[in-house]
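If you want my numbering, it's the 1-based position in the sequence shown plus 121.
By construction, the Cβ of each residue, glycine as well, lies at the ideal position given by its N, Cα and C atoms.
Everything on this sheet refers to the single structure shown next.
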Amino acid sequence: MSKLSKLPFKYSWCSYIIFGAANAFAATPALQGQSGYINMPSAWVETDGTFSTGYGYDRPYGSLWVSATMFPFLQMTGRYVAINGIPGFTNVKGEYGSAYGRYKDKVVDAKLRLLTESTWMPEVSVGATDLLGTELFKGQYVVATKVFGKDRNIEASIGYGNKRPDGLFAGVRWVPLAAPNWAFVAEYDANDYKKDFRAAETAAGQREKGPAVGLEYRWGWLGAQVARHRDHFSANAYLSIPFGEREFIPKLYEPAPFDPKQAPPRVTGEEWQQQPSHGAALVQALIKQDFKNVRVTFEDGTLKLSLTNSRISNLGRAVGRAARTALAFAPQGTRRMQIAYTKLEQPIATYEFTDLQRLTDYLTGLSNRDAFLQTVIVRYAQPSDQIGEDQHGMLAAVANEGALQVQVGQDGNTVQLASEDREANRFKVYPKVSMFFNDPSGALRYELWAAGTYDRRLAPGLFLNSDFKLTVYETVSGVTQASNSLLPHVRSDIADYKRGGRFKLNRLMLNKYMMPSERVYARVSGGLYEEMFRGIGGQVLYLPKDRRWAADVNVDALQQRGVKGWFDKRDYQTVSGFASLHYKLPYDVTATARAGRFLAKDNGVRMEFKRRFPSGVEIGAWYTKTSGKDITNPGSPSNPYNDKGIFLSVPLNIMLPMDTQTVAGVALSPWTRDVGQMVASPGDLYDLVEQPRRDMNTFDGLGNFAERRDEQNLPAVNPPVDALPNPWPLFRMRVEQSVKSTPTLPQWGNGAIIGGGAILASALLDKPVDRFMKKHQGSSVARAWNNIGKATPVVLAGAAAGAVAFGDARMQNIGIISLESVVGAAALSIGAKHIAGRARPIDEKGQWGKAADRSNASFPSNHASVAFAAVTPFAQEYDAPWLYGLAAAGSLGRTAGRQHWVSDVVAGSVLGMAVGGWLWQAQRDNVRSSFAVTPGTNAVSVAWFGTY
């Protein structure tokens, strides 16, 4: 909770947003979004979970930027930089691209904190600018920052940069104690602007390195800066939102729990069963609290409910409200209560209460949580927990209200026309806007439209889902250049669809959800998936009892729709399918790996990472690597484009004075491309169960069950961030063990003689093997073998990581040794490349030719070094010499692509085996430390622990 939660309620919730954030002057965004001064960075990283966005102008650059502290030690920034003075494409009126305006570039920056400030030591960070794309503003730096003064109101930084900044730089900030919202800043700007992109054509060509001073003002989440440089002013304004906070505004308008005084007199169990109106009264009371799909039965002294809630975001709190209401209506003689929480009528979590008096005492504050937990069972639901269709005719006596009404400020929409009944049948009409960036015909295109959705339950687990669209105004029609993609146009023709018709049926689906067994869910779908594709398909999800991971498989047979947006079609058809693994990491990070076939019939993998903050906000990114060769600019034949992007998901309950499950999301990808694309899921099962599963497995699984003031600080109500402990002491211990076991000089000598002999002997095969591979270079076998060679080290290193994540103590230790070996062998191999400087066979410079770029030299093979380093500890530990054959078969694939000579591969394998064998011998009996991911009763601990 923010510190303003103690203020009287006469303050509006808008005021709460503005004043609720703490003022931390030490981490203030600079003109480019990274924390710093004016243009120079400081070592500070914003508070974990801080999300900032703003606009900075410093002639000739205007930067629209977004920054997020992804981890307590890592700050990432994305900016969209416009350069005044040069056109993006052409400034000749009438030519294609003339409407685009100024030159614009997308930039990604990162800052990593290495050392946290202490009494005597400064904060130390390293950073890199323009990591991806055109790299017009590429640079690296290291900077140290320290706070001084009796009141710690002065900070100073000094650093050194390469390229941008260029050389030594410094900065200082002073916050007057009498005016803590103000700050004075000064810096020595070390950017060499004359070396910037086309600087001679812009104002950058006249700028010099030198001092600059500025004045800042912070007001809650808002901030601004004005600075004076040698011959011009700059300005920066921003908004910083603390996503690490759990709640931004108080829930002033949250409906109160059910008042037991409003319940009718309790009846006997026999009367309850004979007269459905008694159960109907309970169902009606639950529906008034936003519960849907409510089913109730009473058997053998047990009151059973299955239900879902369409508004309350926390599973435990929803179940708590249902339990409070059920207690008030339960027939006399009720001994137990069971509540199954469902999603789309599929049971996910079941709560069993074995002592109803203890339940009553806890809800009324007469019992503590520890005592109450002795009478509660929280478990995964079983198919039998779902109650059948209206077993006792209760629903016939329940009003099925679903009146159409105008709602203002609901579900994140300014206004909407909506209705929803007891079975979650929904109708909604609301305004939407879509943005399209970076087309040559205009940097910004948009459309304003009215969206209409209708979702209806047809039978148990069977739903009709539809989505209509009426375009009110759009500028997308101005996109005139057709896609020149060489892949099937599965996405790059999006502009044709956007202007295909004003009224469209975007989606019309039949979805059947099933639960074959405990922790197994399935879906079968058919219809219009989205604006561009229709088809049939399905998905199966498995949730193990080990709460770290989940796996699913989905397959969809698809046909491309026509641009009119109804039942017209194109000729393109495909089958897309993926096997996906979802894994929970520390800091509430979820890593998802998908492998399969994408929309353009390209095969490959997609990696997704997302961080969930205490507020529920999720920030993530994805990257795909497929067989599709997208050579459209900025892709090229030698470096094809790979689909990538970032996304943001914001639960609207953190910004509203009442709870809601509605989530707003946005995804940004640099280009609309055809490679690595996926169809919109009709209803992803993992998304369906992820949040209730997280709530169920967080500590005791009850969350904010009783909504008691005295328990708001419990870890189950406000879970702490699950972070990794400091691994350095145990890592240092392993290093010390390895150093003590370093081979003696005779051992090194014997190894060098054997390894050197093998390398020299293999050199005799260099030319004949390369002649053979050159002759068969275009064959499918050679191409496939080359691809295997490229993938082998990644697969083997991934297998080592899998051993760490999933193995027992012995396998975890060997997995750690394997990963250490991979890092060590790769470092030595890279160093050897620079020394040897041997040309690759494909360079056609002969067996002993010199490479033009030593960093890309041939000897030794990095792939072979990593592959053998990864398998050696396992081969030694488990007496599995066949692993060497696996690594050799894969590594030799590099000769099939003429990327390496045979002797390169042998040298790499010798290096990898030497490092892997040495570290295995040194650390194989390491019983003092291990990496552990341990599932508890209702929690998962992740640690690297030991004694030292």
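In three-state terms, what does DSSP make of Leu585? Strand at Leu585.
In the DSSP assignment, what residue or residues form a beta bridge with Val661? Bridge partners of Val661: Ala643, Val674.
Give me the residue from Met636, Trp670, Arg669 with the minimum Cα distance to Gln660. Nearest C-alpha to Gln660: Met636.
Would you tell me roughly how many angstroms separate the C-alpha atoms of Thr753 and Val1027, rounded to the nearest one? Approximately 38 Å between the Cα atoms of the pair.
In terms of alpha-carbon separation, which member of Asp352, His353, Glu337, Asn546 lies closest to Gln346? When each option's Cα is compared against that of Gln346, the closest is Glu337.
Can you grab the Cα-Cα spacing for the pair Ile775 / Asp1000, in whole Å? The straight-line gap from Cα to Cα measures roughly 55 Å.
In angstroms, rounded to a whole number, what distance separates the CA positions of Ala145 and Ala299? Bear in mind that the predicted position of Ala145 carries a pLDDT of just 41, short of 50, making it unreliable; the figure below should be weighed with that in mind. Those two C-alpha atoms are separated by around 16 Å.
Determine, using beta carbons only, whether Tyr1024 and Asp808 come nearer to each other than 8 Å. Correcting the residue type first, residue 1024 is Ser in the shown sequence and not Tyr. It is not a contact, given that the beta carbons lie outside the stated cut-off.
Short check: CB of Ala988 to CB of Gly1033, under 8 Å? Taking 8 Å as the Cβ cut-off, Ala988 and Gly1033 qualify as a contacting pair.
In this structure, does DSSP put Asn627 in helix, strand or coil? Strand.
Rounded to whole angstroms, how far is the Cβ of Ser736 from the Cβ of Arg367, which I believe are closer than 8 Å? With 8 Å as the limit, Ser736 and Arg367 qualify as a contact, their Cβ atoms being about 6 Å apart.
CA-to-CA distance, Glu510 to Glu466, given in whole angstroms: Approximately 11 Å between the Cα atoms of the pair.
Would you list, in sequence order, the uninterrupted beta strand (DSSP E) runs of no fewer than 3 residues that lie entirely inside the stretch 774-859? The stretch 774-859 contains, as complete beta strand (DSSP E) runs of 3+ residues, the segments 784-789 (chain order).
Limits of the unbroken alpha helix (DSSP H) element including Asn312: Unbroken run through Asn312: none, as it is neither H nor E.
Identity of the residues DSSP links to Glu322 by a beta bridge: According to DSSP, which records beta bridges pairwise, Glu322 is partnered with nothing at all.
Assigned exposure category for Lys315 - 16 Cβ within 10 Å defines buried: When all chains shown are included, Lys315 counts as exposed.
Beta-carbon proximity check, Val415 vs Leu436, cutoff 8 Å: In this structure, Val415 keeps its C-beta atom at 8 Å or more from the C-beta atom of Leu436.
Pick from Gly170, Asp751, Gly422: whose alpha carbon is nearest that of Leu608? That would be Asp751, whose Cα lies nearest to the Cα of Leu608.
Per DSSP, what kind of secondary structure is Phe194 in: helix, strand or coil? It is coil, neither helix nor strand.
Report yes or no: do three or more beta-carbon pairs, one from the stretch 793-802 and one from the stretch 640-660, lie closer than 8 Å? Taking a cut-off of 8 Å on C-beta distances, the stretch 793-802 touches the stretch 640-660, as three or more cross pairs fall below it.
Which of the three DSSP states is assigned to Phe768 in this structure? For Phe768, the three-state secondary structure derived from DSSP is strand.
Using a Cβ-Cβ cutoff of less than 7 Å, which residues in the same chain neighbour Pro581 once the five nearest sequence positions on both sides are dropped? Here the set comprises Glu466, Glu510.
Straight-line Cα distance separating Lys549 from Gln537: Cα-Cα distance, rounded: 7 Å.
With distance defined between alpha-carbon atoms, name the residue in Gln153, Gly177, Gly280, Tyr221 nearest to Met197. Residue Gln153 holds the alpha-carbon nearest to the alpha-carbon of Met197 among Gln153, Gly177, Gly280, Tyr221.
Measure how close the beta-carbons of Gln898 and Arg1019 come, nearest whole angstrom, since I'm counting them as under 8 Å. Yes, they are in contact, since the Cβ atoms of Gln898 and Arg1019 sit about 6 Å apart, within 8 Å.
Are there 16 or more other CB atoms within 10 angstroms of the CB of Arg855, so buried, or fewer, so exposed? Here Arg855 is buried. Its C-beta has 16 or more other C-beta atoms within 10 Å.
What does the Cβ neighbour count give for Tyr594, buried or exposed, with the cut at 16 atoms within 10 Å? Exposed, by the Cβ-count rule.
So the candidates are Ala1043, Gly621, Ser163, Tyr575; which of them puts its Cα closest to the Cα of Asn586? Among Ala1043, Gly621, Ser163, Tyr575, the Cα nearest to that of Asn586 belongs to Tyr575.
Could you pull out every residue in the same chain whose Cβ sits closer than 6 Å to the Cβ of Ile938, ignoring the five residues on either side in sequence? Around Ile938: Pro994, Leu1040, Trp1041, Gln1044.
In the DSSP output, which residue or residues are listed as bridge partners for Trp186? DSSP, once it has assigned bridges, lists Gly175, Arg200 as partnering Trp186.
Own chain partners of Ala449 with C-beta closer than 6 Å, once the 5 adjacent residues on each side are dropped: The answer, listed in chain order, is Pro381, Ala384.
Cβ separation of Gly1029 and Asn983, assumed to be a contact under 8 Å, to the nearest whole Å: Right, their Cβ atoms sit about 7 Å apart.
Keeping to the same chain, check which residues put their C-beta closer than 8 Å to that of Arg623; ignore five residues upstream and five downstream. Excluding its 5 nearest sequence neighbours in each direction, Arg623 has C-beta neighbours in its own chain below 8 Å: Leu591, Thr592, listed in chain order.
Keeping to the same chain, check which residues put their C-beta closer than 6 Å to that of Ala143; ignore five residues upstream and five downstream. Only weak support is given to the placement of Ala143: the predicted model assigns it a pLDDT of 35, under 50, and the value that follows is read from those uncertain coordinates. Exclusion of the five residues before and after Ala143 leaves no residue of its chain whose Cβ lies closer than 6 Å to its Cβ.
Per the DSSP calculation, Tyr618 is bridged to which residue(s)? Bridge partners of Tyr618: none, in fact.
In whole angstroms, what is the alpha-carbon distance linking Ser748 and Ile498? Looking at the backbone, the Cα of Ser748 and that of Ile498 are separated by about 49 Å.
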